[in-house]
Amino acid sequence: HFTTCFMSLIIYRLLEKKLGNKFSCSEIINGLKEMNFYEIKGEGYIPTYTRTEFTDALHESFGFRTDYEIIKKTLMKQFFSITKK
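For the sequence shown, the positions run 23 to 107 when the numbering used here is used.
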């Protein structure tokens, strides 16, 4: 339990720094919770969230966008690999 909580805190702090300390803890957590996608079989994913200042900052900080159109499965896999670096 300790390890999970500790890692969560470290990840949150890194994200907070990457976003330039512009957002509170609750804004980051709620913003991430609201970033959902709907899968269209054979096509990819459609974002179901509303674009906000937080999502724009997140996209700008990490160098990719997920809020414009259908995201192909291959591109979504690339996003995951970018975030793991």
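For every residue, glycine included, the Cβ atom is placed at its ideal position computed from N, Cα and C.
For this session: Return helix, strand or coil for residue 71, following the three-state DSSP convention.
Result: coil
Problem set entry | Proximal residues to residue 41 (C-beta, below 6 Å), its chain only, five neighbours per side dropped | 79, 83
Exercise. What are the start and end residues of each continuous beta strand (DSSP E) run of 3 or more residues lying completely inside the stretch 23 to 83, in chain order?
Worked result: 59 to 62, 66 to 69
Exercise. So residue 77 and residue 89 are in contact, right, with Cβ under 8 Å, and what is the actual spacing, rounded?
Worked result: 6 Å
Exercise. How should residue 93 be labelled, buried or exposed, when 16 other C-beta atoms within 10 angstroms of its C-beta is the threshold for buried?
Worked result: buried
Exercise. Is residue 93 helix, strand or coil when you go by DSSP?
Worked result: strand
For this session: For my contact list, residue 61 and residue 71 are in at a C-beta cut-off of 8 Å; report their separation, rounded to the angstrom.
Result: About 14 Å separates the two Cβ atoms, so there is no contact after all.
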